[in-house]
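Enquirer:
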Amino acid sequence: MRGRSPLKAGLRAVVALIAIFLLLPTLVVIPLSFTEGTLLRWPPRGFDLRWYETLLTDPAWRDAALKSLEVGLWTALTATVIGTATALGLARGRFRGRRLTGSLVLSPIVVPTVITAIGTYFVFVRLGIIGTTAGLVLAHTVLALPLVIVSVTNSLQSFDRNLELAAASLGAGPVTTFFRVTLPMIAPGVAASALFAFITSWDEIVVALFVTDPVVRTLPVVIFNQLRSGVDPTVAAAATLLILVTVMALGVALLARRRVKT
Amino acid sequence: MTVRRIRGWGLLAVPGILFLLVLFGWPLADMAILSLTEPSPANYSVFTESPVYLDAYVTTFIVAVVTTGACLLLGYPYAYVMHMGGRRPALVLGFFVLLPFWSSILVRTFAWSVWLQDSGIVNATLMGAGIIDEPLPLIRNALGTTIGMTHVLLPFMVLSLYAGMRRIDPDLARAALSLGASPLTAFRRVFLPLSMAGVYAGSLIVFVISLGFYLTPAVLGDPGRPLVGQLIVEQVNGQLELGVGSALGVVLLVATLAVIWAGTRLVDLRTVMGYDE
């Protein structure tokens, strides 16, 4: 498509505007995080790093950031291990109700998060695990699991099963075939899904609001509470940190996925 | 030579299924039970006692319809150019979609409050230019919620549309052109109908997510006219009315499942979630 006709040129201009609409609004938090003023007001004044200093030294912010990191890493691990196994089982297994099960394991994507959040809250109260790191990891794993399953299933579709048959026919046992052939082939997809699981947990707020307590809180929970009470520019610094980590994780995930095509 | 084929692959799915049964199935069941027993099924009568609840469902429905429409309007040309524009535009536009798709909804909503506040970027700019004297009411109302939700959900729409368009055989539009159709006719008669699967999929996912949205309405919406998601959180977290909150949740869940069921008459749910098989 060469932009020769006015219609095509117009279409491209419109799409450029939509691209700006997608990207630009979020970026205002970055200049705001460097303001010298004490109010979260546009335009930012001067250049000051003290809000980042607060973020890293104030125990409330620092602990929340570290907790987010901890929960995100554990979620990535549990969701990737369980999700990869589930995807393999559903793609390769031969049992009745396989298609239905395949749809049901994805249902956490379509059930409103508010509903998942209150249900999880009720169950966690019964189990006495509100405000525990393990509880938060379990709750976030529920949300991340379907994404891992989709991602790993897609990478299983795109690889040639004859490679496995070749390995098996050359005498490799099932376990050897899996670890020497199957796993290396789907590794980029698995790595990408681990990063997606991490991002899911890192950014998650609704479930976290219900299953955290004032002591064990994640970064989004502290930001949300700040937004509702008095807001100082530390919020913008925390928001910038959230974006930064997400962009890095996304970049690595996309690179991992590209490897699979070449 | 015998090829040892691995049997019992299905067993690998067992831990995941059990995990979801306990940590997803049980919570939903617990909510349904609480709605009937905490203290009684009379929880559901809140709908007849106060107009607030029914009103919230109606407002939520309207906001979801408008948001879906806005996402479709913005998302279709975007996905179309991404699909037809060649390699580099596809990469750049794809990046511009994936970045917000994976960025924190909280951060994006917070950023919108910086734009839309009475003293925010939009109003300050317009007042500074002397175009308006009073700030426009862009926040704490359904408009603010809809703008924020459209921004948050647009990537979902674009990715669904793009996935749908990629399944279209490019030779079909070329055939129409070579048979003498104008580019516009070829688009309208061939490409557009074939892209409807993506349109249905994208609309379904955006509409369903809109129905249960909590965060964006809580930050950008009218506290006096909450949407369903806010009402549920308020009942459970604020009023500690677990039964009423659960009843509202069950009604939302049933409504969501009904929409999905109706939607899957038009489109396979697996394609909605990018689950190629």
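If you read the protein sequences in the order shown, they are chains A and B. Residue numbering for the first sequence follows UniProt numbering, beginning at 1 and increasing consecutively. Residue numbering for the second sequence follows UniProt numbering, beginning at 1 and increasing consecutively. We put the CB at the ideal spot given by N, CA and C, even for glycine. Keep in mind the model is a prediction, meaning the values are calculated, not measured.
1. If we count the other Cβ atoms within 10 Å of its Cβ and call it buried at 16 or more, is Glu164 of chain A buried or exposed?
2. Measure the C-alpha to C-alpha separation of Pro214 of chain A and Pro51 of chain B and round it to an integer number of angstroms.
3. Does Ala65 of chain A have its Cβ less than 7 Å from a Cβ in chain B?
4. DSSP three-state label for Asp30 of chain B, please.
5. Quick check on the burial criterion: 16 or more other C-beta atoms within 10 angstroms. Buried or exposed for Pro41 of chain B?
6. On the CB-based measure, 16 or more other CB atoms within 10 Å of its CB, does Thr150 of chain B come out buried or exposed?
7. Using the beta-carbon of each residue, which ones in chain A are nearer than 7 Å to residue 280 of chain B?
8. In chain order, what residues of the same chain have a beta carbon less than 6 Å from the beta carbon of Thr172 of chain B, not counting five sequence neighbours either side?
9. In terms of alpha-carbon separation, which member of A:Asp203, A:Phe178 and A:Ala172 lies closest to Leu106 of chain B?
10. Give me the Cβ distance between Pro188 of chain A and Val142 of chain A, rounded to the nearest whole Å; I'm assuming they're in contact under 8 Å.
11. Checking contacts by CB at 7 Å: is Asp203 of chain A closer than that to chain B?
12. Find the residues of chain B that neighbour Val14 of chain A, judging by a C-beta separation of less than 8 Å, and give them in chain order.
13. By how many angstroms is the C-alpha of Pro174 of chain A removed from the C-alpha of Leu231 of chain B?
14. According to DSSP, is Ser33 of chain A part of a helix, a strand, or is it coil?
15. Do we get a CB-CB distance below 7 Å when we pair Gly128 of chain A with the residues of chain E?
16. Does Arg2 of chain A have its Cβ less than 7 Å from a Cβ in chain B?
17. How should Val29 of chain A be labelled, buried or exposed, when 16 other C-beta atoms within 10 angstroms of its C-beta is the threshold for buried?
18. In its own chain, which residues sit with a C-beta less than 6 Å from the C-beta of Val231 of chain A, not counting the 5 before and 5 after it?
19. Suppose you measure from the CA of Ser104 of chain B to the CA of Arg98 of chain A; what does that come to, to the nearest Å?
20. Determine, using beta carbons only, whether Gly46 of chain A comes closer than 7 Å to chain B.
21. Cα separation between Leu153 of chain B and Gln157 of chain A?
22. Are the C-beta atoms of Ala111 of chain B and some chain A residue less than 7 Å apart?
23. Answer with buried or exposed for Asn162 of chain A, where buried requires no fewer than 16 other C-beta atoms within 10 angstroms of its C-beta.
24. Hey, does Gly104 of chain B have any beta-carbon neighbour from chain A nearer than 7 Å?
25. Do you know how far the Cα of Ile260 of chain B is from the Cα of Leu204 of chain B?
26. When burial is assigned at 16 or more other CB atoms within 10 Å of the CB, is Asp30 of chain B buried or exposed?
27. Would you please verify whether the beta carbon of Ile139 of chain B is less than 7 Å from any beta carbon of chain A?
28. Step through the CB atoms of chain B and report whether any lies within less than 7 Å of the CB of Phe122 of chain A.
29. In whole angstroms, give me the CA-to-CA distance for Val211 of chain A and Ser195 of chain B.
30. Would DSSP call Trp115 of chain B helix, strand or coil?
31. Would Leu23 of chain A pass as a contact of Phe96 of chain B if the rule is Cβ separation under 7 Å?
32. Taking Arg108 of chain B as the query, report the chain A residues whose CB atoms sit under 8 Å from its CB, ordered along the chain.
33. If you drop the 5 nearest sequence neighbours on each side, which residues of the same chain put their C-beta closer than 8 Å to that of Val216 of chain A?
34. Does any residue of chain B bring its CB to less than 7 Å from the CB of Ala85 of chain A?
35. Checking contacts by CB at 7 Å: is Thr262 of chain A closer than that to chain B?
36. Quick one: does Asp169 of chain B have its CB under 7 Å from some CB of chain A?
Expert: According to the structure shown:
1. Counting the other CB atoms within 10 Å of its CB gives Glu164 of chain A a total of 16 or more, which places it among the buried residues.
2. A straight line joining the alpha-carbon of Pro214 of chain A with that of Pro51 of chain B spans about 34 Å.
3. Residue contact check for Ala65 of chain A against chain B: no CB pair falls below 7 Å.
4. Looking at Asp30 of chain B - three-state DSSP - the assignment turns out to be helix.
5. So Pro41 of chain B ends up on the exposed side.
6. It counts as buried.
7. For chain B, the structure presents residues 1 to 277; residue 280 of chain B sits outside this window and is missing.
8. Note that residue 172 of chain B corresponds to Leu in the displayed sequence, not to Thr. Excluding residues up to 5 positions away in sequence, Val190 lie with their Cβ nearer than 6 Å to the Cβ of Leu172 of chain B in the same chain.
9. Taking only the C-alpha atoms, the option nearest Leu106 of chain B is A:Asp203.
10. About 25 Å separates the CB atoms of Pro188 of chain A and Val142 of chain A; that is not less than 8 Å, and the two are not in contact.
11. Interface criterion met: the Cβ of Asp203 of chain A is under 7 Å from a Cβ in chain B.
12. Within 8 Å Cβ-Cβ: Pro77.
13. Between Leu231 of chain B and Pro174 of chain A, the alpha-carbon positions lie close to 53 Å from each other.
14. The DSSP-derived three-state label of Ser33 of chain A is coil.
15. Within the model displayed, chain E is absent; protein chains A and B are what it includes.
16. At Arg2 of chain A the pLDDT is 46, less than 50, meaning the model places this residue with poor confidence and gives no usable figure here.
17. Counting other Cβ atoms within 10 Å of its Cβ, Val29 of chain A reaches 16 or more and is therefore classed as buried.
18. Excluding residues within five positions, the ones whose Cβ falls inside 6 Å are Leu40.
19. When rounded, the distance between both Cα atoms is 34 Å.
20. Not an interface residue.
21. Between Leu153 of chain B and Gln157 of chain A, the C-alpha separation is close to 28 Å.
22. Yes, its Cβ sits closer than 7 Å to a Cβ of chain A.
23. Exposed, because fewer than 16 other Cβ atoms sit within 10 Å of the Cβ of Asn162 of chain A.
24. Checking the displayed sequence, the identity of residue 104 of chain B turns out to be Ser instead of Gly. For Ser104 of chain B, the closest Cβ of chain A is nearer than 7 Å.
25. Roughly 7 Å between the two C-alpha positions.
26. Buried.
27. Taking 7 Å as the CB threshold, Ile139 of chain B stays off the interface with chain A.
28. So, interface residue.
29. Val211 of chain A and Ser195 of chain B: Cα-Cα distance of roughly 41 Å.
30. Residue state, collapsed to three classes: helix.
31. In this structure, Leu23 of chain A sits near Phe96 of chain B, with a CB-CB distance shorter than 7 Å.
32. Result: Pro25 and Thr26.
33. Setting aside the 5 residues that flank it on each side, Val216 of chain A is surrounded in the same chain by Lys67, Gly131, Thr132, Thr133 and Leu136, each with a C-beta closer than 8 Å to its C-beta; the list follows chain order.
34. Closer than 7 Å to the CB of Ala85 of chain A there is at least one CB belonging to chain B.
35. Reliability fails at Thr262 of chain A, whose pLDDT of 39 lies under 50, so the model's placement of it is uncertain and the value that follows must be treated cautiously. No, Thr262 of chain A does not count as interfacial toward chain B.
36. False, the Cβ-Cβ gap to chain A never drops below 7 Å.
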